[in-house]
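Colleague: Here the sequence shown stands for residues 26 to 526, where the numbers follow the working numbering.
A virtual CB, placed ideally from N, CA and C, is assigned to each residue, including glycine.
I have a structure I would like to understand better, so I am pasting it below and will then ask my questions one at a time.
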Amino acid sequence: RKAAASTSTAAPADAERLVASCGRAALEQLVLSSLRAGAPISLKQLEGSARPPPARAAVRVGTAVAQFEDAGPFSLLPVDLLVKVLENCYLPVKLTFAIEVCKGLRPLRFVADLWSVVRTSLQDAQRLGHHYETVDWITSRNLVRFAQWLPDADKVTELSLLISKGFAPDDVSATLALFPGVERLSLTGQGMNKKILTLMAKVQRPALRILDLDWGQVGAATVLAVLKTAPSLESLASHKLSGDILEGLAKLLREARQGGTPLLTRLRQTGRYAENVTPFAGVAAGALFPELQEFTISFALRGPSPPLPTAPLQGANLRRLHIYDMIYGFTASDASPHLSDASLACFIKTFVSGCPRLESLCLSHGRKYLSRGETLPRLPRLGKSFQATPLPRTLVMLELKEIVVAPSDFAGCELPALALVRLKHCKDEHGPDLQKDTIEELCMACPKLEPSGCVADEHRFEPKHSSKLQQARVCNYPAEHIGGLSLEGVLDALERGYTLY
Numbered sequence: 026r027k028a029a030a031s032t033s034t035a036a037p038a039d040a041e042r043l044v045a046s047c048g049r050a051a052l053e054q055l056v057l058s059s060l061r062a063g064a065p066i067s068l069k070q071l072e073g074s075a076r077p078p079p080a081r082a083a084v085r086v087g088t089a090v091a092q093f094e095d096a097g098p099f100s101l102l103p104v105d106l107l108v109k110v111l112e113n114c115y116l117p118v119k120l121t122f123a124i125e126v127c128k129g130l131r132p133l134r135f136v137a138d139l140w141s142v143v144r145t146s147l148q149d150a151q152r153l154g155h156h157y158e159t160v161d162w163i164t165s166r167n168l169v170r171f172a173q174w175l176p177d178a179d180k181v182t183e184l185s186l187l188i189s190k191g192f193a194p195d196d197v198s199a200t201l202a203l204f205p206g207v208e209r210l211s212l213t214g215q216g217m218n219k220k221i222l223t224l225m226a227k228v229q230r231p232a233l234r235i236l237d238l239d240w241g242q243v244g245a246a247t248v249l250a251v252l253k254t255a256p257s258l259e260s261l262a263s264h265k266l267s268g269d270i271l272e273g274l275a276k277l278l279r280e281a282r283q284g285g286t287p288l289l290t291r292l293r294q295t296g297r298y299a300e301n302v303t304p305f306a307g308v309a310a311g312a313l314f315p316e317l318q319e320f321t322i323s324f325a326l327r328g329p330s331p332p333l334p335t336a337p338l339q340g341a342n343l344r345r346l347h348i349y350d351m352i353y354g355f356t357a358s359d360a361s362p363h364l365s366d367a368s369l370a371c372f373i374k375t376f377v378s379g380c381p382r383l384e385s386l387c388l389s390h391g392r393k394y395l396s397r398g399e400t401l402p403r404l405p406r407l408g409k410s411f412q413a414t415p416l417p418r419t420l421v422m423l424e425l426k427e428i429v430v431a432p433s434d435f436a437g438c439e440l441p442a443l444a445l446v447r448l449k450h451c452k453d454e455h456g457p458d459l460q461k462d463t464i465e466e467l468c469m470a471c472p473k474l475e476p477s478g479c480v481a482d483e484h485r486f487e488p489k490h491s492s493k494l495q496q497a498r499v500c501n502y503p504a505e506h507i508g509g510l511s512l513e514g515v516l517d518a519l520e521r522g523y524t525l526y
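In C-alpha cells form, the structure reads like this:
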C-alpha cells in the first residue's frame with residue numbers, strides 16, 4: 026500500500042516533467058489522438074513524445090570505468106572531464122583524439138555525447154561571412170565515411186554542414202540520410218544547389234525544429250519542397266528569404282497542422298542585402314507567423330521617401346526585433362538612399378507600434394557606400410519618433426545605428442526594464458556629437474540602466490573590466506530584469522553590440 030501511495034503521489038510530478046519536455050506539436054498530436062479515441066493520455070504516451078534531456082551526467086565508456094586505460098597522461102583525467110573539453114573542439118580535433126593519439130583513447134568513438142553535435146566548419150558556425158568559407162579538411166566522400174564510422178548516428182541532434190563547391194550532391198544526400206533524427210540542421214555554403222535540395226525533399230524529417238538553409242539561385246518551388254519535409258519547424262534562417270518563401274512556408278505549416286497556427290517562433294535573415302524582402306513582406310510575417318518571438322531582417326529601401334506599409338507589424342509575442350540595414354547602400358553618386366526624418370518615423374511606427382512585449386530592439390539605418398571624393402549624405406534624425414511611437418516598457422536592450430540622436434529624443438520615454446544601450450555612428454557628421462549626453466540622459470531616466478551597460482561608438486562609460494565574467498557581473502547578470510537574454514547576448518552587447526547572429 027505504501028508503494029502504491031508513493032507511486033500515485035509521484036505521478037503528477039512525473040506528468041508535469043514530461044509535459045514540459047514535450048514539444049507543442051507533440052502535445053497537440055496527443056490531445057487530438059485522445060479526443061478521437063475517447064481515452065485519456067497516459068504517462069507512457071507522454072514518455073514516448075517527450076524530447077530526451079541532454080545527458081550531462083558523468084560519461085562511462087564501454088563498461089563502468091571512469092578513466093581511460095593506457096592513454097598516457099590522459100589516463101589521469103576523468104572521462105567525463107575529457108569529453109566535456111572535447112565537446113567544444115572542432116570536429117577534426119575530436120577525430121584526432123578518437124583515432125590518432127593512442128589506442129587508449131579509441132573508446133571515445135562510443136561516447137554519444139561527444140558526437141551529438143557535428144559541424145564541418147572550422148570557424149564559429151555563427152560567424153558572419155561563414156557562407157564563403159571553404160571546407161578543405163574533408164571531402165564529401167569522406168564525410169559519408171565519417172557518418173558511417175559513428176556507431177550511433179541516431180544520437181546526433183545537431184548537424185551543421187558547410188557545403189563547398191567541390192562537394193558531390195549524392196555524397197551530401199547520403200550523409201544527410203545517415204542522420205535521420207537531427208533537431209537542428211544547418212546546410213550552408215556556396216556548394217548548395219538544386220540537386221542537393223531536390224534529393225533533400227525526398228526525406229521526411231518530423232523531428233527537425235531548427236533549420237539554417239542556403240539555396241543560392243534556386244526557385245521557390247524547390248525550396249518549399251524541402252521545407253515541407255519539416256512540419257514541426259520552429260526556427261528558419263537563410264540568406265535568401267523572400268515574400269514568396271514566407272507565404273509558402275506559412276501555408277505548408279498550416280496544412281501540416283490541419284489548419285492550426287504555424288509554430289515558427291524564430292525567423293532570421295543571415296545576409297544584410299535583402300533585395301527579395303520588402304517592408305510589406307516583413308509586416309506580413311507577423312500575420313503569417315503569430316507565434317513569432319525573434320525576427321531578424323534587413324531591407325533594401327531607397328530614400329528619401331520609399332513606399333511603406335500603412336498597417337503595422339503585428340507582433341503580439343515578439344520579444345526580439347533586429348533590423349539591420351533599412352536601406353540599399355549601393356546607389357549612383359548623385360543619389361542618396363538615406364531615409365528622410367519623416368520616413369524614419371513612419372518606419373519605426375510600422376515595425377514597433379504593434380509589438381508590445383519587445384525585450385530587445387535593434388534599428389540600423391545603414392549608410393551609402395561612397396566612391397572616392399564623395400561626401401556622406403545626411404543621416405536621418407530620430408527626433409520625436411519615440412514620442413509618436415512609444416517604446417514598450419518591457420524593453421531591456423536598445424541598439425541604434427546610423428541614426429542621429431539627441432537627449433531630447435527620449436523625453437517622456439518610460440523604460441523601467443532598460444539595462445543595455447548601444448549607440449553606433451549616431452552622431453551628426455556636420456554637428457556636435459550628442460551620443461554621450463544622450464546616454465547620460467537615459468541613465469537618469471531609466472532606473473535599471475547603469476553606465477556600465479552603455480556603449481557609444483565602442484566607448485564604454487566605465488573602465489574596461491579584466492574579464493568577461495566581471496563585465497557580466499557589473500550588469501548584474503543573471504538578474505530578473507535581464508533574464509530573457511543569454512549571457513552571450515549580454516557580453517556581446519557590452520563589447521560589440523548585437524551582430525546578425
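My assumption, with CB atoms under 8 angstroms, is that Ala-413 sits in contact with Phe-435. Please give the rounded CB distance.
Modeller: Between Phe-435 and Ala-413 the Cβ distance is about 13 angstroms, and since that is not below 8 angstroms, they are no contact.
Colleague: Looking at the structure shown, is Met-217 part of a helix, part of a strand, or coil, going by DSSP?
Modeller: In the structure shown, Met-217 sits in coil (DSSP, three-state: anything other than H, G, I, E or B).
Colleague: Evaluate Val-308 with the Cβ neighbour count: other Cβ atoms within 10 Å of its Cβ, from every protein chain shown; 16 or more gives buried, anything less gives exposed.
Modeller: Under this definition Val-308 is a buried residue.
Colleague: Mapping DSSP to helix, strand and coil, what is Leu-224?
Modeller: The answer is helix: DSSP assigns Leu-224 an H, G or I state.
Colleague: In whole angstroms, give me the CA-to-CA distance for Asp-482 and Ala-357.
Modeller: Cα-Cα distance, rounded: 28 angstroms.
Colleague: Gly-284: which of Gly-311, Thr-303, Pro-256, Leu-139 sits nearest, CA to CA?
Modeller: If we check each option's Cα against that of Gly-284, Pro-256 comes out closest.
Colleague: State yes or no: is the C-beta of Arg-279 within less than 9 angstroms of the C-beta of Phe-320?
Modeller: Contact flag unset, no.
Colleague: So which of Arg-418, Leu-252, Asp-350, Ala-360 has the shortest CA-CA distance to Pro-402?
Modeller: Nearest C-alpha to Pro-402: Ala-360.
Colleague: How about Ile-352 and Gly-391: do their beta carbons lie closer than 9 angstroms?
Modeller: Yes, they are a contact pair.
Colleague: By the three-class DSSP mapping on this structure, what secondary structure does Lys-452 have?
Modeller: Coil at Lys-452, not helix or strand.
Colleague: Please look up how many angstroms separate the CB atoms of Thr-247 and Glu-208, rounded, as I've assumed it's under 8 angstroms.
Modeller: No, Thr-247 and Glu-208 are not in contact; Cβ-Cβ is about 23 angstroms, not under 8 angstroms.
Colleague: Buried or exposed, going by whether 16 or more other CB atoms sit within 10 Å of the CB of Gly-73?
Modeller: Exposed is the call here.
Colleague: Between Leu-266 and Asn-301, how many whole angstroms is the CB-CB distance? I'm expecting something under 8 angstroms.
Modeller: Indeed, because the Cβ distance is near 7 angstroms, the residues count as touching under 8 angstroms.
Colleague: Could you name the residues that DSSP lists as bridge partners for Met-422?
Modeller: Met-422 is bridged to Ser-385, Leu-445.
Colleague: Just the Cα atoms here: how many angstroms apart are Thr-419 and Leu-364?
Modeller: When rounded, the distance between both Cα atoms is 28 angstroms.
Colleague: Between the C-alpha atoms of Val-251 and Thr-375, what's the straight-line distance to the nearest angstrom?
Modeller: Computed Cα separation, rounded: 32 angstroms.
Colleague: What is the DSSP secondary structure of Gln-294, counted as helix, strand or coil?
Modeller: It is a strand residue.
Colleague: Out of curiosity, what's the CA-to-CA distance linking Leu-474 and Tyr-349?
Modeller: Approximately 24 angstroms between the Cα atoms of the pair.
Colleague: Measure the alpha-carbon distance for Ser-389 versus Gly-328 and round it to whole angstroms.
Modeller: Approximately 15 angstroms between the Cα atoms of the pair.
Colleague: Does Val-160 come out as helix, strand or coil in the three-state DSSP assignment?
Modeller: Note: Val-160 maps to coil in three-state DSSP.
Colleague: Helix, strand or coil, according to DSSP, for Cys-2 in the structure here?
Modeller: Absent from the model: residue 2. The displayed extent of the chain is 26 to 526, so no value can be given.
Colleague: In three-state terms, what does DSSP make of Ile-270?
Modeller: Helix.
Colleague: Whole angstroms is fine: what's the gap from Leu-60's alpha carbon to Gln-54's?
Modeller: Straight-line Cα distance between these residues: approximately 10 angstroms.
Colleague: With a threshold of 16 other CB atoms inside 10 Å of the CB of Cys-380, please say whether the residue is buried or exposed.
Modeller: Buried, because 16 or more other Cβ atoms sit within 10 Å of the Cβ of Cys-380.
Colleague: Along the alpha helix (DSSP H) that carries Cys-468, what are the first and last residues, could you check?
Modeller: 460-470 is the span of the alpha helix (DSSP H), which, as asked, contains Cys-468.
Colleague: Thinking Arg-234 and Ser-260 are a contact (beta carbons under 8 angstroms), I'd like their distance in whole angstroms, please.
Modeller: With 8 angstroms as the limit, Arg-234 and Ser-260 qualify as a contact, their Cβ atoms being about 7 angstroms apart.
Colleague: How would you label Leu-277, buried or exposed, when you count the other beta carbons within 10 angstroms and need 16 or more for buried?
Modeller: Its Cβ being crowded by 16 or more others within 10 Å, Leu-277 is buried.
Colleague: Could you check if Asp-239 is buried or exposed, using at least 16 other CB atoms within 10 Å of its CB as the buried criterion?
Modeller: Flag for Asp-239 reads buried.
Colleague: If contact is defined by three or more beta carbon pairs under 8 angstroms, each pair taking one atom from either stretch, is the region 117-133 in contact with the region 186-197?
Modeller: The region 186-197, when compared against the region 117-133, does not touch it at the 8 angstroms Cβ threshold.
Colleague: Looking at C-alpha atoms only, which residue of Thr-335, Ala-51, Ser-433, Phe-204 is the closest neighbour of Trp-174?
Modeller: Nearest of Thr-335, Ala-51, Ser-433, Phe-204 to Trp-174, Cα basis: Phe-204.
Colleague: Work out the CA separation of Ser-263 and Arg-170 for me, nearest whole Å.
Modeller: Spanning the two alpha carbons is a distance of roughly 28 angstroms.
Colleague: Quick one, are the C-beta atoms of Lys-180 and Gly-214 less than 9 angstroms apart?
Modeller: No, Cβ-Cβ distance for Lys-180 and Gly-214 is not below 9 angstroms.
Colleague: Below 9 angstroms between beta carbons: does that hold for Ile-322 and His-347?
Modeller: In contact: Ile-322 and His-347 (Cβ atoms closer than 9 angstroms).
Colleague: Please classify Asn-218 as buried or exposed, where buried requires at least 16 other C-beta atoms within 10 Å of its C-beta.
Modeller: Classification of Asn-218: buried, given that the 10 Å Cβ count is 16 or more.
Colleague: Give every residue of the same chain whose Cβ lies closer than 7 angstroms to the Cβ of Leu-139, excluding the five residues on either side of it in the sequence, and list them in chain order.
Modeller: Once the five neighbours on either side are set aside, the close Cβ partners of Leu-139 are Val-108, Leu-111, Glu-112, Lys-119, Leu-133.
Colleague: By DSSP, does Ile-373 sit in helix, in strand, or in coil?
Modeller: It is helical.
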